[in-house]
Amino acid sequence: MNNNMSLKFDAIAENESFARSVVAAFCVSCDPTVEKINDIKTAVSEAVTNCIIHGYENMANGQILIEAELSDDLLKVTISDNGKGIPDVKEALTDFYTTSKESDERSGLGFTIMKSFMDSLDVQSELGGGTTVTMTKRLK
Amino acid sequence: MNNNMSLKFDAIAENESFARSVVAAFCVSCDPTVEKINDIKTAVSEAVTNCIIHGYENMANGQILIEAELSDDLLKVTISDNGKGIPDVKEALTDFYTTSKESDERSGLGFTIMKSFMDSLDVQSELGGGTTVTMTKRLK
Amino acid sequence: MLISAKTVNSTIYIKLRGDLDHYKASDLKNQLNKYADMPKIKRMVLDMKGMDFMDSAGVGLIMGLYKKLKNKNKQLYFFSPSPQIDKVLRVSGLYSIIPLIEQEVK
Amino acid sequence: MLISAKTVNSTIYIKLRGDLDHYKASDLKNQLNKYADMPKIKRMVLDMKGMDFMDSAGVGLIMGLYKKLKNKNKQLYFFSPSPQIDKVLRVSGLYSIIPLIEQEVK
Ligand SMILES: Nc1ncnc2c1ncn2[C@@H]1O[C@H](COP(=O)(O)OP(=O)(O)O)[C@@H](O)[C@H]1O
Ligand SMILES: Nc1ncnc2c1ncn2[C@@H]1O[C@H](COP(=O)(O)OP(=O)(O)O)[C@@H](O)[C@H]1O
Chain A
2 MNNNMSLKFD AIAENESFAR SVVAAFCVSC DPTVEKINDI KTAVSEAVTN
52 CIIHGYENMA NGQILIEAEL SDDLLKVTIS DNGKGIPDVK EALTDFYTTS
102 KESDERSGLG FTIMKSFMDS LDVQSELGGG TTVTMTKRLK
Chain B
2 MNNNMSLKFD AIAENESFAR SVVAAFCVSC DPTVEKINDI KTAVSEAVTN
52 CIIHGYENMA NGQILIEAEL SDDLLKVTIS DNGKGIPDVK EALTDFYTTS
102 KESDERSGLG FTIMKSFMDS LDVQSELGGG TTVTMTKRLK
Chain C
51 MLISAKTVNS TIYIKLRGDL DHYKASDLKN QLNKYADMPK IKRMVLDMKG
101 MDFMDSAGVG LIMGLYKKLK NKNKQLYFFS PSPQIDKVLR VSGLYSIIPL
151 IEQEVK
Chain D
51 MLISAKTVNS TIYIKLRGDL DHYKASDLKN QLNKYADMPK IKRMVLDMKG
101 MDFMDSAGVG LIMGLYKKLK NKNKQLYFFS PSPQIDKVLR VSGLYSIIPL
151 IEQEVK
């Protein structure tokens, strides 16, 4: 089964659960296991939260774009913002690395979770231009 | 609460349930009653099905666009295709009117249901250009 | 659209489940037609208790089924539609030709 | 993020419900901090049975809670995480400082 969707929505924290449930609902047609659906929800939640708090620094006027593609039971999902971008992507991908203040209680594990819950993770970023996270997962 | 989203997806029948659950999930932040959520799901399902079977005549290469806006607990949702369009919108809105063959068992009640399940319905269409259905519903 | 059927005397009780939209309708139509053709059957009851959702594709399917049954002098009934489905059935006017029955069959 | 709490001797059992993401975290943090500050409490158990989802925002929140409790010589425990949450806790390494307990408290 081949299928495509793209979803654009306001970068507000209320939409974190909306975004992950849309991607999960999109995958349902491939009849994945509950575990795979939960892995995808978790990874999408991390990427979307990062756009909101890091990309747009909690300013409410940004938009997030999710593009998803199913082809032969392989999910490819990209999550992008037009926010401030990441100065050093390699550093950002390090376990426990975070630029948030301690009081915000970010764990620095967002990318770690995306990596371990999905089959592949790619991060493209441009300072001042935005960040695009691409992840794939085989559903069957 | 103000919120915006737009969703584009392949015009295939498998996506009918996906589309209505996305719009329902989008409304959840306003905490509407189950009845209102079901009204919205029903109306969205009718409009999306129409794009697939009438707008694109079941050809798999079309796309459907859903735009939704929540402002002060009012939902505005537009559903559009770039399909063949409706020659006479007034006629199409008539109860039981359908251009489908009898064997397809369309009831001609899609627009009737959209009208009675939502607060307002507007249909814009251009022959060869496509159809846009706009509906509103007060959630609180 | 899972389905299960049970015959009591000459009445067939059909339990529907899940969502009934245009995507699901054609499969279900074929299944229901088989039951409608069974010679011993005089009445068909659509038990909708397990159904989560139905739109006008369901109305079209049920109209077709009603006509098929009527041609053979068989009668169709609804049982236990959810509020969402009840509203679709009401708006579509189906209740005026297909009655709702009250009692459950175990 | 509904929450309910129950104290047995000097252990407080906190039942969490629903989803714990960045959006829900700040509310929950305030509630949990109140319990952590209660002088009579020596141990806190997070009963996750009713939780549907947690991401790394939950890990950050739990780390903060752990540190706060540790400063007061109090210990934190997990009870009954779902497979999804268990995986997040494993990947994050939280189990090495916060043990999982087995028995349920009625
Ligand atoms: N979309 C983004 N835009 C800008 N910076 C980002 C984005 N995503 C991640 N980052 C940067 O990468 C760092 C690591 O991200 P992550 O592993 O998810 O941890 P955390 O979100 O807990 O800080 C963040 O602290 C931030 O500096
Ligand atoms: N998106 C669309 N594109 C083209 N024609 C449409 C579209 N939506 C509706 N129509 C036309 O309007 C008629 C009535 O629609 P409706 O009330 O939903 O009934 P039904 O779908 O059962 O035919 C359809 O039969 C079709 O001719």
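Protein chains in written order, with our numbering: chain A, 2 to 141; chain B, 2 to 141; chain C, 51 to 156; chain D, 51 to 156.
Ideal Cβ positions, reconstructed from N, Cα and C, are used throughout, including at glycine.
Quick caveat: nothing in here was measured; it's all calculated off a predicted structure.
| Query | Result |
| --- | --- |
| I want to verify the contact list: residues of chain C whose CB lies under 8 Å from the CB of K42/B, in sequence order. | F103, Q134 |
| Using CA atoms only, rank isn't needed, just tell me which of V78/A, E47/A, M60/A is closest to E68/A. | V78/A |
| Looking at chain C, is there any beta carbon in it that lies within less than 9 Å of the beta carbon of V35/B? | yes |
| Can you find the residues in the same chain that come closer than 8 Å, C-beta to C-beta, to C52/B, ignoring five residues on each side of it along the sequence? | A12, G63, I65, I80, S81, D82, G84, T132 |
| Hey, K92/D and Q125/D: beta-carbon distance below 9 Å or not? | yes |
| Per DSSP, what kind of secondary structure is D40/B in: helix, strand or coil? | helix |
| Which residues, in chain order, does the stretch 95-116 of chain A contribute to contact with chain D at a C-beta distance below 7 Å? | E106, R107, S108, L110, G111, T113, I114 |
| I need the DSSP call for M101/C, collapsed to helix, strand or coil. | strand |
| Grouping DSSP H, G and I as helix and E and B as strand, with all else coil, what is T57/D? | strand |
| Thinking just about the alpha-carbon of each residue, which of M2/A, T43/A, T34/A is nearest to the one in S142/A? | In the structure as shown, chain A starts at 2 and stops at 141, and residue 142/A therefore has no counterpart that could be examined. |
| Taking only three categories from DSSP, how would you classify G63/B? | coil |
| In the DSSP assignment, find the alpha helix (DSSP H) that holds V29/B and state where it starts and stops. | V29/B -> no alpha helix (DSSP H), and no H or E assigned at all. |
| The beta strand (DSSP E) that contains Q153/D, what's its start and end? | Note, Q153/D: premise wrong, no beta strand (DSSP E); not H, not E. |
| Ordered along the chain, which non-local residues of its own chain (more than five positions away) have a Cβ less than 7 Å from that of R107/B? | T99, S101 |
| Closer than 8 Å between beta carbons: that is the criterion. Which residues of the stretch 90-122 of chain D meet it against chain A? | F103, D105, S106, A107, V109, G110, L111, M113, G114 |
| Are at least three pairs of beta-carbons, each pair with one atom in the stretch 120-127 of chain A and one in the stretch 137-147 of chain D, less than 8 Å apart? | no |
| Going along the chain, which residues of its own chain have a beta-carbon closer than 8 Å to the beta-carbon of L70/C, five neighbours each way excluded? | M51, L78, M101, F103, M104, D105, A107, G108, L111 |
| Which residue comes first and which comes last in the alpha helix (DSSP H) that contains L115/D? | 106-121 |
| I53/A by DSSP, collapsed to three states: which one? | helix |
| Spatial neighbours of K99/D within its chain, please: C-beta separation below 6 Å, excluding the five flanking residues on both sides. | S130 |
| If contacts are defined as beta-carbon pairs under 8 Å, then L75/B and T137/B qualify, I think. What distance do you get, rounded to the angstrom? | 6 Å |
| Any beta carbon from chain D within less than 9 Å of I1/A's own beta carbon? | Nothing about residue 1/A can be read from this structure; chain A reaches only from 2 to 141. |
| Give the DSSP bridge partners of V134/A, in chain order. | I80/A, V124/A |
| What does the alpha-carbon distance come out to for the pair V110/A and G129/A? | According to the sequence as given, residue 110/A is Leu; it is not Val. Their Cα atoms are separated by approximately 23 Å. |
| So, are the CB atoms of K56/D and A86/D less than 9 Å apart? | no |
| Distance, Cα to Cα, G86/B vs E127/B? | 5 Å |
| Which residue marks the beginning of the alpha helix (DSSP H) containing K84/C, and which one marks its end? | 72-87 |
| Please state whether the Cβ-Cβ distance between V138/C and I38/B is less than 9 Å. | no |
| Would DSSP call S7/A helix, strand or coil? | strand |
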